[in-house]
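Residue numbers (this note's numbering), protein chains in the order written: chain R, 1 to 129; chain A, 1001 to 1147. Positions of the beta carbon are idealized from the N, C-alpha and C atoms, including for glycine. For reference, the structure discussed in these notes is given below.
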Amino acid sequence: MGTLTATLTLNDINTFSDVLNFSTSKALTTTATSQGLTTIGVTTTGANNIIQSATDGQTRYVFVRHTGTTDGSTSTTETVNVELTGDTVFGKLAANEFCFLPVGGHSAGVQLQSSSGTVQCEYAFFTKG
Amino acid sequence: MATTTATVSINSSDLTDDTLSINVSKQCYKAGTTLGLDQTTGLNRLYVTATTQFDPFPVVKGATNAAENGKVYIANLSTTDTEYITVGIGDAVIGRLYAGDWMWMPWSPKAQHVNDIEITPSVATGMHVEFMAIHNFANIYPDSADS
């Protein structure tokens, strides 16, 4: 269906004694279904904020970003949990943080849950081909 | 100020009719602050030859770090397309990293065995796995058993 090039770069010149500076990149072959970059107002009930439905075991590459706002303009410091459906938390994003990871090999989907109020997030996912 | 900056780029010219170009960058801060994370496991590379599940990062002794804000990088360096590692947290499987795949995610460990990150190779014929955590967790290394 298409090829994604996903790149992670980590850089730090002064926290540790050794400079951290590396980049890793992978061309990912994808197939249907994909979800382009989408915004969602994440609330405090994860089951109401399912961003990727349950799978039949496929691997999906999932990107999630906390926009640091409640609505695209009003700042917030509330965090957002990234969860498997069924309320299994596996990560917590603070304002402007993001994650990119494969989800799959099981039937669970992915949902988001704010610590309080509404937090606007961006997400996208792509199915491994 | 000392900070680690993480950048993720996701690009595609043929996925849809519209070119995809996501490019995000963020400093890695301690939870609720603008202070950079100041501890790291360093970049580790392992050659694993068993399908036994293992914990790539030190196991939390019991002190809670649930409010902290670590970051984790894991990559499968295999070049055989069918080989993968399953990454989980606690008893939950997150997903599979196939050959060359990597992941970047937040991690807030709680207590030992509750949400340890776990890796399970799909084959015992040997593959390289790379991983690193950047964090500010307290007391995560096990006590020495030496007398």
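The stretch 58-75 of chain R and the stretch 117-126 of chain R touch, with three or more beta-carbon pairs separated by less than 8 Å. Nearest C-alpha to residue 1120 of chain A among A:1091, A:1011, A:1030 and A:1037: A:1091. The beta carbon of residue 1141 of chain A does not come within 9 Å of any beta carbon belonging to chain R, so the residue lies off that interface. Residue 124 of chain R carries a strand assignment under DSSP once its states are collapsed to helix, strand and coil. Within the stretch 29-48 of chain R, those residues whose Cβ lies closer than 9 Å to any Cβ of chain A are, in chain order, 30, 34, 36 and 37. If you keep only unbroken beta strand (DSSP E) runs of at least 3 residues inside the stretch 1048-1124 of chain A, you get 1070-1076, 1084-1089, 1092-1098, 1102-1107 and 1117-1121. According to DSSP, residue pairing for residue 12 of chain R in a beta bridge involves R:20.
Per DSSP, the beta bridge partners of residue 1023 of chain A are A:1009.
Here residue 66 of chain R is bridged, per DSSP, to R:121.
Here the alpha carbon of residue 1087 of chain A sits roughly 10 Å from the alpha carbon of residue 1116 of chain A. For residue 1133 of chain A, the secondary structure class from DSSP, reduced to helix, strand or coil, is strand. Under the 8 Å Cβ criterion, the stretch 1066-1074 of chain A counts as touching the stretch 1091-1106 of chain A, having at least three qualifying pairs. The beta-carbon distance between residue 15 of chain R and residue 1003 of chain A, rounded to whole angstroms, is 7 Å. This is short enough to meet the 8 Å contact definition. Annotation: Cβ neighbours of residue 1103 of chain A in chain R (cutoff 7 Å, chain order): 100, 101 and 102. Taking a Cβ-Cβ cut-off of 7 Å, the neighbours of residue 1106 of chain A in chain R comprise 91, 92, 93, 97 and 99, given in sequence order.
Interface criterion not met: the Cβ of residue 1046 of chain A is under 9 Å from no Cβ in chain R. Of all residues in the stretch 1009-1022 of chain A, only 1009, 1010, 1011, 1012, 1013, 1014, 1015, 1016, 1018, 1020 and 1022 come within less than 9 Å of chain R when Cβ atoms are compared, listed by chain position. If you draw a 10 Å sphere on the C-beta of residue 1108 of chain A, you find 16 or more other C-beta atoms in it, and that means buried. If you draw a straight line from the Cα of residue 1126 of chain A to the Cα of residue 1053 of chain A, it is about 14 Å long.
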